[in-house]
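In full-length UniProt numbering, the protein residues as written are 1 to 339.
Glycine included, every Cβ here is placed at the ideal spot set by N, Cα and C.
In this text the structure is predicted, and so the values were computed from the model without any measurement.
If you want it as structure tokens, here you go:
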């Protein structure tokens, strides 16, 4: 198939195509110049273009929307947004945070008041202790990178070095530091669980468990509030697992083992008592309600009465999602058991 046309026709088509490219290029240049003048001289101050870099386009900048600034607020005017302009909350995030009621979070009552140790006041070679502590931290981090667990001896040694010299160490990142502290909390809780009988006179390297964790938090640069929150969460998780394990042992006929588990959690709540109606115990109660029937939880409470006696913490009753019932001053307990 052969198409014949005049030379003038070919020239006309070529001119139209070339002129189209020129017009498109000129329009883009004019638009960019207008936007540049508007942003430089303050025109359209209430509306600005929002530009983001798109990695899929090789890092090129693309326009994702316009931003309107009214009374200090910044709201994206996105055509895909279903919200109407009149219903948009134009208060700034900082202002909304200031308007929201603030709940001051205090340290739990068991958190010890930090006092400087007498050994810190002595003349010690802090540079030597700092090198030893940094070397120990590097070993801990390297072991974690190679998939090895943190050794209990390393935790105790790091606390001993920092307690003696009053130095601090850094784990580089917050995640690494928090992970180390969580392992330390689990170690302390395990020590509390293995304590004999109802005695809470437990020491870790010559320190009270609460003092050990509080001091270790300061040694690794962890805020007291966050450290206490980590401990409370660990106690709540341990409480839930102990209740479930005690019930499983009771169903298997291992009554003495179930009592031993409940005794350990009783000691744990005496050392690290949660606040009354704490959110952690409320979450434990919600979880146990889904897995244990009310009569089963009451049965566990009866077992707690026999194990903990008058020293039974109120937080354990809250963790079971039950309420105390007083029977003629004979004690608060439930008499109903499983048939």
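Using the Cα positions of residue i and residue j, report the straight-line distance between them to the nearest angstrom.
i: residue 30; j: residue 18; result: 19 Å
i: residue 320; j: residue 150; result: 33 Å
i: residue 192; j: residue 235; result: 11 Å
i: residue 322; j: residue 298; result: 8 Å
i: residue 22; j: residue 4; result: 28 Å
i: residue 231; j: residue 181; result: 9 Å
i: residue 258; j: residue 247; result: 7 Å
i: residue 187; j: residue 212; result: 11 Å
i: residue 148; j: residue 28; result: 59 Å
i: residue 146; j: residue 171; result: 16 Å
i: residue 10; j: residue 24; result: 22 Å
i: residue 33; j: residue 8; result: 37 Å
i: residue 198; j: residue 190; result: The predicted position of residue 198 is uncertain, since its pLDDT is 49 and thus under 50; a value taken from the coordinates is nonetheless stated next. Cα to Cα, the separation comes out at about 15 Å.
i: residue 295; j: residue 163; result: 48 Å
i: residue 174; j: residue 20; result: 58 Å
i: residue 303; j: residue 243; result: 11 Å
Below 7 Å, is the gap between the Cβ of residue i and the nearest heavy atom of the ligand FAD?
i: residue 323; result: Within the structure as shown, the ligand FAD is missing, as the structure has no ligands at all.
In its own chain, which residues sit with a C-beta less than 8 Å from the C-beta of residue i, not counting the 5 before and 5 after it?
i: residue 224; result: 107, 111, 214, 217 and 218
i: residue 194; result: 264
i: residue 290; result: none
Among the options, whose alpha-carbon lies nearest the alpha-carbon of residue i?
i: residue 153; options: 136, 164, 147 and 163; result: 136
i: residue 237; options: 285, 308 and 248; result: 285
i: residue 134; options: 156, 301, 167 and 190; result: 167
i: residue 279; options: 229, 309 and 270; result: 229
i: residue 277; options: 129, 161, 315 and 15; result: 315
i: residue 207; options: 160, 249 and 38; result: 160
Specify, as a first and last residue, the run of the alpha helix (DSSP H) that residue i falls within.
i: residue 316; result: 314-319
i: residue 113; result: Premise fails: residue 113 is in no alpha helix (DSSP H) and is neither H nor E.
i: residue 207; result: First-last for residue 207: undefined, no H or E at that position.
i: residue 178; result: 174-193
i: residue 343; result: There is simply no residue 343 to check, as the chain begins at 1 and stops at 339 in what is shown.
i: residue 158; result: 152-165
Starting from the C-beta of residue i, find all residues in its chain whose C-beta is less than 6 Å away, skip the five residues before and the five after it, and write them out in chain order.
i: residue 158; result: 136
i: residue 263; result: 307
Apart from the five residues on each side of it in sequence, which residues of its chain come closer than 7 Å, Cβ to Cβ, to residue i?
i: residue 140; result: 150, 154 and 180
inquiry  = Quick check on the DSSP output: what are the complete alpha helix (DSSP H) runs of length 4 or more inside the region 214-294, in order along the chain?
reply    = 224-251, 255-271 and 279-291
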